[in-house]
Amino acid sequence: MFARIENNVSFPKLEQDVLQFWREQNIYAKSLERRQGAESFVFFEGPPTANGMPHPGHCLTRAIKDLFPRYQTMRGKLCTRKAGWDTHGLPVEVEVCKELGIHSKEEIEAYGVEPFIQLCQRSVWRYMQEWERLTERLGFWIKLDEAYVTYHQSYVESVWWSLKQLFDRGLLYQGHKIVWWWAQGGTALSSGEVGQGYKKVADPSVFVLFPLLDTPNTALLVWTTTPWTLPSNQFAAVNPDLEYATVYDALIDRRLIMAKDLVEVISAKIKRELNIESICRGQDLIGKRYRPPFDYYYKTLGEKTGKLRDGGEQHIAWRIAPADFVTTDSGSGAVHEAPAFGEVDFELLQSEQARFVEGQGPELICGVGPNGKFVPEISDFAGKWIKDADKLIVRQLKDKGLLYYQEQYLHDYPFCWRADNDPLIQYPRKSWFIRTTAFRDKMLENNRLIQWFPEHIRDGRFGNFLESNVDWALSRERYWGTPLPIWVCDSSGKMEAIASYAELLDKPGVAGTEVWEAAKQANPDLVDDLKVHKPYIDHITYDSPFVPGARMRRVSEVIDCWYDSGAMPFAQWGYPQSGSEVFQTQFPADFISEALDQTRGWFYSLVAISTMLFEDKPFPRPFRNCIVLGLMLGEDGQKMSKSKRNYREPNEIFDRYGADALRWYFYAKQPPWTEIRYREQTIKDSIPEFILRLWNVFSFFVNYAISDGFDPAKELRGNLYDLTHAELRSAPSCRPTTERGEIDRWILSELNRLAADVTARMDAYDSYGACQRINDFVDGLSNWYVRRNRERFWSPDKESADKLDAYWTLYECLLTLSKIIAPFVPFISETIWRRLTCDLADRVAESVHLTDFPAADPAEIDSTLSEQMELIREIASLGRAARMEAKLKVRQPLTRVTVALNSKQHLSWLQAHDAILRDELNVKAVKFIADAGEYVTYQVLPNFKVLGPKVGKLLPALKSKLGETKGSDLLIALQQQGHVNVAVDGQTIRLEPEEIQVRMTPKPGWMAAQGHSCVVVLATELTTELIEEGIARDIIRSIQDTRKKLALDYTDRIRVYLASDVEEIQRAVAHWADYIKGETLADTLEWASIESPEKVTCEVGDYTIDLLVEKSLQAQRV
RNA sequence: GGGCGUGUAGCUCAGUUGGUUAGAGCGCGUCGCUGAUAACGACGAGGUCCCAGAUUCGAGUUCUGGCACGCCCA
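Under my numbering, read the first sequence as residues 11 to 1128, first letter to last.
As structure tokens, this is what we get:
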């Protein structure tokens, strides 16, 4: 027998019980065992960093990540889910620095790299427990105890192996990267740090003359805001698509070239007329040589030329180059290029280099040292701090007659966030790169095969990013990260890559391992994985294979931690040192999901690495389907922020509303890729809207089943497991669907349609659509099936086939539904399943998560019945609307409603089911009519979708023509002839029945409501009899209300005393006494004068009546 | 400055290939039910679909140009 449902259900409490059950019975492990040998559904976990508290955004990611693996597991796939943790990188170092109260690299070095990385290693687990607790509490099933960890030796070695592949294939190279550089601190800053330090400052803005070599007395007018970069000038850039003017400046007797659109602006600045002499396109200026303002480099390299790739020869520098970033927003339309001090400028250098034969093109010129002071070659300013040199440089320009105009320029410029008087400069640093550009087309090709949700990511954000791919700057001059596994010969500079620690130890003459050994001896608790990290790994050297007597030493850098996470498809298994077999079966992933910010992060690193390493695989894209989650905002629509407290902590949400409420909110309130506003109220709402509604149906079933002794366990026979329809049929009293009543067949049909629809949508990764269908079904189950069938459950005949049908039908609905919703709301579904099967515990799946996802049985689906039921629900709804309009409450019986139908399709079915409408609308009769000319006017409209393509421009004319014709005449003609001819603009159009649509409008004077497929008309006249019956029902309602206020049990019998002088009421009571007594379980119904303080006064129609209700003694004896 | 996205009811959001009454939930209002009861149901009001042009017989939906907001990159 089922256990009674407690009155005050607490979902968080239920969830705790479920969690305990899952833990004790290892349900997750069993769900995997059950699928051993089955086809895989591969899921990759994008590793989070556990050095910060998890917040609601992480809950969303983890909820989505849980949904599809659970679903696919129930669908029969084997979906192992290996957790992972991202542990390297700058954020970890920053956290540790904060604790130590230090900032710069010097301070880290002073503190000691060895203790520093030991702190880093411990710091990454700081919030581990919170993460694990949240993961479990949310119901995210993943193997936490087998998690991959990016600092583990096996993981690092996998990464090394992959880098060695790239190195050996010539894809890993050293080059320059322009970084934001803090000269005083001697370190590069991350973009996040740079973003923190912008200030508004005034810098010099100078217009400088670059005299052209081959055009006499003519100079290019060049603009810059950083005079200190002029000595390092290599090019001048113009936009080839802009128009440039040659103007004559009489005052200095020179011709100047500048953007045509800026002539006026500049003329206004210098306050004199500039006459345009000629105009050309920027394209025509490309290649012209000029003399730079300073000749520190020009004097040796100025005449140097190099061979071009496509033949010919050209000067390597100091000529005009094309650049589309040049605009006419400010300046002169020509820009000075010092590639050392700007990223776009550096790119320009690279594209120039690319035009030359290897080794013949321009080299980077950098006249400033890492300390921000000029190098000795810049003899006039050597040793000067760059900003201090600005003035001197401008003065020199003036002396040389090259300064055309100078002003102050107000703009935002980044400063160091730790020392806010130190300006940052863009500065070239040696860096390691991966030649990803060589794989651009392959990556694009792979990208095209990925299913992105939403779709626009593919050609939008991600596709664009790939299109404009630049080589991956891999190295970081930091401490806590995967060391770059490259050793350099200290004599020849030749290099090789190492794939594992063992390989390193096998090298001839290896030395330096004692540093690690000593550390381990001093502190045996030291994690062994640290031996492949800085500083220990840096001490390991070996004999150079290139130069006898020389040694190989590791380069100092670590790598970008995005490379770590992008390597997870193989590194999580330690491949290829171990895990080859499992890697083969677990690549690529069927499904991954992260938020939008991972587009250029994890999604890119996965695609890039897999494309480069697994070219030979038939399927080198690392994942097939990817849901890109929207960003989550706080309650106020702003970014979530701890300090603003604009969101409630996940743990509090779990305690107040439960994990299911949160999950349902994530899945059912919006598609996952939209921006989500995290609102506590909306999370709370998912309880009454869905979870509680479902629970009420379940509780209704259980409580009645208990009182009626309906006990499936006693009847079910044979092999049971899933309690599918077929298994339920083993019970003798469980009749075939075809033998059950129509409403049972209807809800079972809906149930099977639901299973089919949810399967289709989930297979297409449309979780939002799936939830909408589930919601619709639960609504129909609760507000139509249960409501329409309550009386069947109350029926006193416990053995009647009809009553048993009702029980079996509702039982099946709840069982199947619990399986369908299991991936979404795993807790309540588990509770419902287990309580519905409590007496079958050893004969069926112990957990709903160990069942198969319900398969729809097409034989159970009756789509005609669905349509019919929908229609009758629409009619009932329209009838209520009409009553509302007429201010006739449902308690007042009426003689008749008339339903005018658009189509006769379901007429006979409706006629056979008028009892439902009589009951729902409280009327004595329902009349269906096809020709409702008496009540409505017909308006005939073209069927636009069909006629649009057929008649095109005539459509508006046809529409008004149809409007002029009397609708009912047209319809009759159509019915009689099968078609109708309409003359429009001199043409005759033959209309078929399906080419028109009919709209009915109630005629004035009737109480009617109009829907899509019918009009419902109310007969509003009231007879004495109807009024009396209405009064009786009012009285019943009042008595029931009083019963409730007296807290009577629903089986208690009562005595009722009434007092009223109104004749109508007295007549009504006399007439309907038995009915009233029956409905209210009253033994007696007497007129009396009531003096008791218990007396209640009720409104009945236009009058009032006094009532006294007493519990009947007789009843107490029963 | 560039790329991408978003803009629909008081709020949160749907709206599939263009088709003529633009939907849901919450909130609000009115009413009902009282044997699912610390529940439940019905009905209603509420919309210049950001703006302006264009394409089309027809645009919330397609195109162009704005505006606002967000994210990423510079």
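Virtual Cβ for every residue (Gly too), placed ideally from N, Cα, C. Here the structure is a predicted model, which is why all the values come from computation and not from measurement.
For W482, DSSP records a beta bridge to I444. L643 sits close to R687, with the two beta carbons spaced by under 8 Å. In the DSSP assignment, the residues bridged to N285 are Y258. Linking F613 to G473 through their CA atoms gives a straight-line distance of about 11 Å. Listed in chain order, the alpha helix (DSSP H) runs fully inside the region 386-427 are 396-409, counting runs of at least 4 residues. Straight across, the Cα-Cα distance linking E353 with D646 is about 37 Å.
T1094 and R1065 have their C-alpha atoms spaced approximately 5 Å apart. With contacts defined as CB atoms closer than 8 Å, A741 and E725 qualify as a contacting pair. G149 has its alpha-carbon roughly 8 Å from the corresponding atom of L29. The DSSP assignment places 66-84, 100-110 as complete runs of the alpha helix (DSSP H) inside the region 47-120, in order along the chain (cut-off: 4 residues).
A contact is defined here as three or more CB-CB pairs under 8 Å, and the region 1025-1044 meets this definition with respect to the region 1078-1096.
As the crow flies, the alpha-carbon of A605 is around 10 Å from that of C636. In the three-state scheme derived from DSSP, where H, G and I count as helix and E and B as strand, Y137 is classed as coil.
Shown here, Q436 sits in a strand according to DSSP, grouped into three states.
Between the region 119-134 and the region 43-57, the count of Cβ pairs shorter than 8 Å is below three; the stretches do not touch.
Membership of E1096 in the beta strand (DSSP E) is indicated by the continuous run 1092-1097. In terms of Cβ geometry, L182 and I444 form a close pair [threshold 8 Å]. Secondary structure note for M562: its beta strand (DSSP E) is the uninterrupted segment 561-564. In summary, I74 is buried, with 16 or more beta-carbon neighbours lying within 10 Å of its beta-carbon over all protein chains present. With distances taken between CA atoms, A865 lies nearest to L733 out of N785, G977, L733. In chain order, E870, I871, D872, S873, L875, S876 place their CB closer than 8 Å to the CB of S759, counting only its own chain and leaving out the 5 sequence neighbours on each side.
For K897, the secondary structure class from DSSP, reduced to helix, strand or coil, is coil. For P952, the uninterrupted beta strand (DSSP E) segment begins and ends at 946-952.
Annotated three-state conformation of F217 is strand, per DSSP. Cβ neighbours of T447 within its own chain (closer than 6 Å, five residues either side excluded): N479, D481. When Cβ pairs closer than 8 Å are counted between the two stretches, the region 239-256 is seen to touch the region 328-347, the count reaching three or more. Looking at the backbone, the Cα of C781 and that of M622 are separated by about 39 Å. Ranking L761, D773, T975, W804 by CA distance to the CA of E822 puts L761 first. Under the 8 Å Cβ criterion, the region 851-861 does not count as touching the region 767-781, having fewer than three qualifying pairs. The C-alpha of S41 is placed about 7 Å away from the C-alpha of T83. If you draw a straight line from the Cα of P495 to the Cα of P221, it is about 49 Å long.
The region 879-886 makes contact with the region 1020-1039, as at least three CB pairs between them are under 8 Å. By the Cβ-count criterion, Q902 is buried, with 16 or more other Cβ atoms from all chains shown falling within 10 Å of its own Cβ. Between the alpha carbons of A260 and L266 lies a gap of roughly 11 Å. For the options V134, I330, A13, the alpha carbon positioned closest to that of L231 is the one of I330. One alpha carbon belongs to A599, the other to E387, and they sit about 56 Å apart.
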